[in-house]
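A.B. asks: Here it is: the structure, laid out below.
There are 2 protein chains.
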Amino acid sequence: MTNDSDERETGSAFMPKFDAQGLLSAVVLHADTRVPLMVAFMDDKAVAATRETGLAHFHSRSRGRLWKKGESSGHVLRVEKILVDCDQDALVLMARPEGPTCHTGATSCFYRKLEGGLLHSVKS
Amino acid sequence: MTNDSDERETGSAFMPKFDAQGLLSAVVLHADTRVPLMVAFMDDKAVAATRETGLAHFHSRSRGRLWKKGESSGHVLRVEKILVDCDQDALVLMARPEGPTCHTGATSCFYRKLEGGLLHSVKS
């Protein structure tokens, strides 16, 4: 345990820990119900843009760029709270969605559960 | 949109999509309250071990190996449900924790929120 990781775990300074790809994990839960809406990655730009605008931004690995959630659909996520984990390499965004979160039109990207080896629809 | 991604999004087959490092994102929420407990990564072995045992297993990037949560502490996570996202590169484990989830002794790894540029404790 280095001083740096002590500080990350117990301190009050926000020191996001990006991995070798410059990313950390970001989970979006509905601010009221905690229903999981989506999971993505953020780089330093996405973290900064989210904090500045109050709207969830991510790093799109497939497109290799900053991605404002809802930039084309209008279905933005208004971030009400950001939770930070022990080693600061994962964030939970408690957010209020404007419209469906999933690009498929589903309320949440997690619209299926794994049961008996197959995927089944879940009610959102 | 390829047929493969169509099948991933709409089909009933479990086709987990691992990234270039062989990993996907795994989020653990408390089965009753949906309080976020931890975020980690799974490789194919971790997915298989979790399904076989009903206990959460992950891939430790720092140790480079399969990691059964609670293997040293005894604080295992009993998985009650696995949710799968649209493109099958993220899983949500709805789990019942035996003991604190965080290695710091906290109930959840998400024991701080970012507010006004600083981290503050949250009640768990």
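Chains as they are written, first to last, in full-length UniProt numbering: chain W, 1 to 124; chain E, 1 to 124.
All C-beta atoms, glycine included, are put in the ideal place defined by N, C-alpha and C.
Less than 9 angstroms between the C-beta atoms of L29 (chain W) and L93 (chain W), yes or no?
C.D. replies: Counting from 1 along the first sequence, the entry for residue 29 (chain W) is found at position 29. Counting from 1 along the first sequence, the entry for residue 93 (chain W) is found at position 93. Contact flag set, yes.
A.B. asks: Candidates E:V122, E:M15 and E:S72: which alpha carbon is nearest F99 (chain E)'s?
C.D. replies: Reading the second sequence from its first residue, position 99 is the one you call residue 99 (chain E). Here the sequence assigns Gly to residue 99 (chain E), which means Phe is not the residue at that position. If we check each option's Cα against that of G99 (chain E), E:S72 comes out closest.
A.B. asks: Whole-angstrom Cβ separation of residue 133 (chain E) and R78 (chain E), contact assumed at under 8 angstroms?
C.D. replies: A query on residue 133 (chain E) cannot be resolved here, the shown segment of chain E reaching from 1 to 124 and no further.
A.B. asks: Rounding to the nearest angstrom, what Cα-Cα distance links T10 (chain W) and S62 (chain E) in this structure?
C.D. replies: Within the first sequence, residue 10 (chain W) is the residue found at index 10, counting from 1. Within the second sequence, residue 62 (chain E) is the residue found at index 62, counting from 1. Rounded to whole angstroms, T10 (chain W) to S62 (chain E) spans 20 angstroms at the Cα level.
A.B. asks: Would you decide whether D85 (chain W) is buried or exposed? Buried here means 16 or more other CB atoms lie within 10 Å of its CB.
C.D. replies: Position 85 of the first sequence, counting from 1, holds the residue named residue 85 (chain W). By the 10 Å Cβ count, D85 (chain W) comes out buried.
A.B. asks: Quick check on S25 (chain E): does DSSP put it in helix, strand or coil?
C.D. replies: For the purposes of this step, residue 25 (chain E) is taken as the residue at position 25 of the second sequence. The answer is strand: DSSP assigns S25 (chain E) an E or B state.
A.B. asks: Going by beta carbon distance, what residues of the same chain come within less than 6 angstroms of W67 (chain E), once the five residues before and after it are set aside?
C.D. replies: Within the second sequence, the letter at position 67 stands for residue 67 (chain E). These residues qualify, in order along the chain: F58 and S60.
A.B. asks: Hey, is L55 (chain E)'s beta-carbon within less than 9 angstroms of any beta-carbon in chain W?
C.D. replies: Position 55 of the second sequence, counted from the first residue, corresponds to residue 55 (chain E). By this cut-off, L55 (chain E) is not an interface position.
A.B. asks: Answer yes or no: does any C-beta atom of chain E fall closer than 9 angstroms to that of F110 (chain W)?
C.D. replies: For the purposes of this step, residue 110 (chain W) is taken as the residue at position 110 of the first sequence. For F110 (chain W), the answer is yes, since a Cβ of chain E falls inside 9 angstroms of its Cβ.
A.B. asks: Can you tell me whether DSSP reads R51 (chain W) as helix, strand or coil?
C.D. replies: To locate residue 51 (chain W), count along the first sequence from 1; it is residue 51. Helix.
A.B. asks: Under 9 angstroms, Cβ to Cβ, is there at least one residue of chain C near M42 (chain E)?
C.D. replies: This model lacks chain C altogether, as its protein chains are W and E.
A.B. asks: From L83 (chain W) to V47 (chain E), what does the alpha carbon distance come to, in whole angstroms?
C.D. replies: As a working mapping, residue 83 (chain W) is identified with position 83 in the first sequence. As a working mapping, residue 47 (chain E) is identified with position 47 in the second sequence. Approximately 26 angstroms between the Cα atoms of the pair.
A.B. asks: How would you write the range of the beta strand (DSSP E) that R96 (chain E) sits in, first residue to last?
C.D. replies: Locating residue 96 (chain E) in the second sequence gives position 96, counting from the first residue. Note, R96 (chain E): beta strand (DSSP E), A90 to P97.
A.B. asks: Is it buried or exposed, T104 (chain E), if we count other Cβ atoms within 10 angstroms and call 16 or more buried?
C.D. replies: The residue given as residue 104 (chain E) occupies position 104 in the second sequence. Exposed, by the Cβ-count rule.
A.B. asks: Give every residue of the same chain whose Cβ lies closer than 6 angstroms to the Cβ of S25 (chain W), excluding the five residues on either side of it in the sequence, and list them in chain order.
C.D. replies: Taking the first residue of the first sequence as 1, we reach residue 25 (chain W) at position 25. If we look at S25 (chain W) and ignore the five residues flanking it on each side, its Cβ neighbours are A90.
A.B. asks: Please confirm if H120 (chain E) has its CB atom under 9 angstroms from at least one CB of chain W.
C.D. replies: One-based indexing of the second sequence puts residue 120 (chain E) at position 120. It does; some Cβ of chain W falls within 9 angstroms.
A.B. asks: Cβ of A13 (chain W) less than 9 angstroms from any chain E Cβ?
C.D. replies: As a first step, residue 13 (chain W) must be located in the first sequence, where it is residue number 13. A13 (chain W) counts as touching chain E.
A.B. asks: Should R96 (chain W) be labelled buried (16 or more other beta-carbon atoms within 10 Å of its own) or exposed?
C.D. replies: Taking the first sequence and counting its residues from 1, the one referred to as residue 96 (chain W) is at position 96. So R96 (chain W) ends up on the exposed side.
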